[in-house]
Amino acid sequence: MSISERLNQYLNVNKVDYELVPHPHSFSSLSSAIAANIPPSKLAKAVILEDHEGRRVMAVLPANHKVSLRTLGDKLNRDLRLIEEKEVYEMFGDCQKGAIPSLGEVYNLEAVYDDLLVEAKEIYFEAGDHNTLVHLAREDFVRLIKDAKHLRFSHESIH
């Protein structure tokens, strides 16, 4: 599969230089970072949430962090919950199950990005399968997410 068609088109339309980084098969963003031999803090993972009115939002944070639903909900003034995996699979039909690219606009989703992500000089994220990451310069990532909310809403998790 390599890169999702929607993501590929979006990056090309926005004239973004990117590199595809192959890695051994993985089952999570954290394991993708380890498999690709990159720091987990540079890998942006996407978590799909839903509020009390059924509105969905993509929360994007470093792979070695967890979303604080309470913190994010307070900052957005919304009650948030994780959506069911089955619903996520339906939303990202051009991706392998669980390999979600971390650009909400590609999938017409509201997105909020953890401020920690823009501290890295380069960003990686899932390309749409469990064997490939997209690698971007920070400047390109920031340009792509310029219209999204940027907040601090995660905490480092210990694995």
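For the sequence shown, this note's numbering gives the first residue as 6, with consecutive numbering after it.
All residues carry an ideal CB built from backbone N, CA and C; glycine is no exception.
In this text the structure is predicted, and so the values were computed from the model without any measurement.
At which residues does the beta strand (DSSP E) containing Asp119 begin and terminate? Glu115 to Asp119
Nearest-angstrom Cα distance between Lys20 and Asn69? 29 Å
Arg143: first and last residue of the uninterrupted alpha helix (DSSP H) it sits in: Arg143 to Leu149
Measuring alpha carbon to alpha carbon, tell me which residue in Ile53, Asp145 and Val52 is nearest Asn17. Asp145
Taking Lys50 as part of the beta strand (DSSP E), name the residues at either end of that continuous run. Leu48 to Asp56
Quick check on the DSSP output: what are the complete alpha helix (DSSP H) runs of length 4 or more inside the region 50–98, in order along the chain? Secondary structure in the region 50–98: the alpha helix (DSSP H) runs of 4 residues or longer, each lying completely within the stretch, are 74–81 and 90–96 in chain order.
Assign Ile105 to one of three DSSP states: helix, strand, or coil. coil
Candidates Arg83, Asn82, Ala142 and Glu131: which alpha carbon is nearest Val65's? Glu131
What residue from Asp152, Gly103, Leu156 and Leu12 has the CA that sits closest to Glu124's CA? Leu156
Using CA coordinates, which residue listed in Asp79, Arg86 and Pro45 is at the minimum distance from His57? Arg86
Taking C-alpha atoms, which residue in Glu24, His140 and Glu92 lies nearest to Lys50? His140
Is the separation between the beta-carbon of Val52 and that of Leu138 shorter than 8 Å? Cβ atoms of Val52 and Leu138: not closer than 8 Å.
Around the C-beta of His135, are 16 or more other C-beta atoms found within 10 angstroms, so that it is buried, or is it exposed? With at least 16 other beta carbons inside 10 angstroms of its own, His135 counts as buried.
Glu127 versus Glu115, Ser46 and Phe158, residue with shortest Cα-Cα distance: Ser46
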